[in-house]
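First comes the structure, then the notes that go with it.
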């Protein structure tokens, strides 16, 4: 498709959960709902149209060992793109992936900089590993390097107790989150367990990743403060295997991980029912492959979130939360076309008919 070609998409254009149009055009890489006059080179495709999907917890430039070469980062980004993920919130990466911004054929990335963790309290080679007195300085550094987000590691296994434990004192996270907000960045945190959640939310955090430790005590607090969660259920599915590997050395941790896994669907549904914003994230790039966004949407539905709301968590709602346009007049044409109605069956997301990025069919 040439730069002067016009793409005509007709069928059912899902502009929003309650707004459906019959067709749109892509002209000069942007969306319009006005028929272009005198267009000659027109390609027409039919189907059900969604904004490019969002993976709000993804790691481009990272694998289970740490940073990866650019050619591996490229393969990761292509796997996401071909699955229909055209907007990624990169929730921590030690690699410099800014070169991806110059590639019109790769997903758009909103970076949270590099993870910030307590010394020896996270996966090796992933994070800045520091002590609480340095937290404000490192948060300021990553706020300046990122795209409006900073990522903390809120809890991890404490070898002294043999179980999950909070990583930061309350005063340290309060000061760090205040500094991030002063610099215009939002803050999110990896949290599996219960202990760190109240301090983080009361300190002003904007989002929590995984959030398996939510309870009836902390769910109302999240809801009242408007703190979002990204459950990453396709990652939580790995907890039993992790627990099996830790039984001999850390039996308390293993038992805890199994409990968090067993109640995962109830936790997510209770959070949704309480009004906590829930968004789709896969945690791809550590041990998980990229391109799992359809699987995560299906997991949210299994947890009891209504289909249209699960779709919104990777489309309309997620883009609004991240400050990026959807299928708006004049917006960059980042969209995915499907053969069936994803509102009726979210499994449709697993088989895109056409992926359009920056106005050009890709993949």
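Residue numbers (my numbering): 35 to 397. Ideal Cβ placement from N, Cα and C applies to all residues, glycine included.
Using alpha carbons as the reference points, say which of the options lies closest to residue i.
| i | options | result |
| --- | --- | --- |
| residue 232 | 320, 261 and 367 | 261 |
| residue 122 | 88, 113 and 138 | 88 |
| residue 131 | 149, 111 and 116 | 111 |
| residue 195 | 364, 284, 376 and 331 | 284 |
| residue 216 | 59, 184 and 306 | 184 |
| residue 243 | 319, 222, 64 and 229 | 222 |
| residue 315 | 126, 189 and 77 | 126 |
| residue 249 | 293, 272 and 78 | 293 |
| residue 205 | 236, 224 and 177 | 236 |
| residue 115 | 224, 140, 331 and 264 | 140 |
| residue 271 | 226, 307 and 281 | 226 |
| residue 138 | 218, 368 and 387 | 368 |
| residue 160 | 230, 129, 179 and 190 | 129 |
| residue 305 | 339, 276 and 275 | 339 |
| residue 192 | 207, 154 and 214 | 154 |
| residue 61 | 380, 71 and 334 | 71 |
Given a cut-off of 8 Å on the beta-carbon distance, is the pair residue i and residue j in contact?
| i | j | result |
| --- | --- | --- |
| residue 269 | residue 317 | yes |
| residue 337 | residue 297 | no |
| residue 393 | residue 382 | no |
| residue 83 | residue 43 | yes |
| residue 150 | residue 173 | yes |
| residue 391 | residue 47 | no |
| residue 211 | residue 238 | yes |
| residue 59 | residue 69 | yes |
| residue 384 | residue 98 | no |
| residue 134 | residue 143 | yes |
| residue 50 | residue 370 | no |
| residue 228 | residue 199 | no |
| residue 420 | residue 377 | Any property of residue 420 remains undetermined from this structure, which presents the chain solely from 35 to 397. |
| residue 264 | residue 93 | no |
| residue 180 | residue 209 | no |
| residue 363 | residue 66 | yes |
| residue 177 | residue 324 | no |
| residue 234 | residue 188 | yes |
Sort out for me which residues DSSP pairs residue i with in a bridge.
| i | result |
| --- | --- |
| residue 244 | 225 |
| residue 119 | 87 |
| residue 82 | 46 and 372 |
| residue 92 | 124 and 318 |
| residue 262 | 241 |
| residue 199 | 190 |
| residue 55 | 47 |
| residue 40 | 76 |
| residue 366 | 64 |
| residue 97 | 100 |
Looking at the unbroken beta strand (DSSP E) that takes in residue i, where does it start and where does it end?
| i | result |
| --- | --- |
| residue 287 | Run containing residue 287: none in the beta strand (DSSP E); it sits in the alpha helix (DSSP H), 285–296. |
| residue 162 | 162–164 |
| residue 388 | 388–391 |
| residue 65 | 64–66 |
For residue i, which of helix, strand or coil comes out of DSSP?
| i | result |
| --- | --- |
| residue 239 | coil |
| residue 149 | coil |
| residue 358 | coil |
| residue 143 | strand |
| residue 334 | helix |
| residue 310 | coil |
| residue 102 | coil |
| residue 191 | strand |
| residue 217 | coil |
| residue 181 | coil |
| residue 281 | coil |
| residue 251 | coil |
List the endpoints of the continuous alpha helix (DSSP H) containing residue i.
| i | result |
| --- | --- |
| residue 134 | Neither: residue 134 is in no alpha helix (DSSP H) and is coded neither H nor E. |
| residue 380 | Counting along the chain, residue 380 falls outside any alpha helix (DSSP H), and DSSP gives it neither H nor E. |
| residue 394 | No alpha helix (DSSP H) holds residue 394; the beta strand (DSSP E) holding it covers 394–396. |
| residue 346 | 341–346 |
| residue 270 | 267–270 |
At least one CB of chain C closer than 8 Å to the CB of residue i: is that the case?
| i | result |
| --- | --- |
| residue 326 | Protein chains in the displayed structure number just one, and chain C is not present. |
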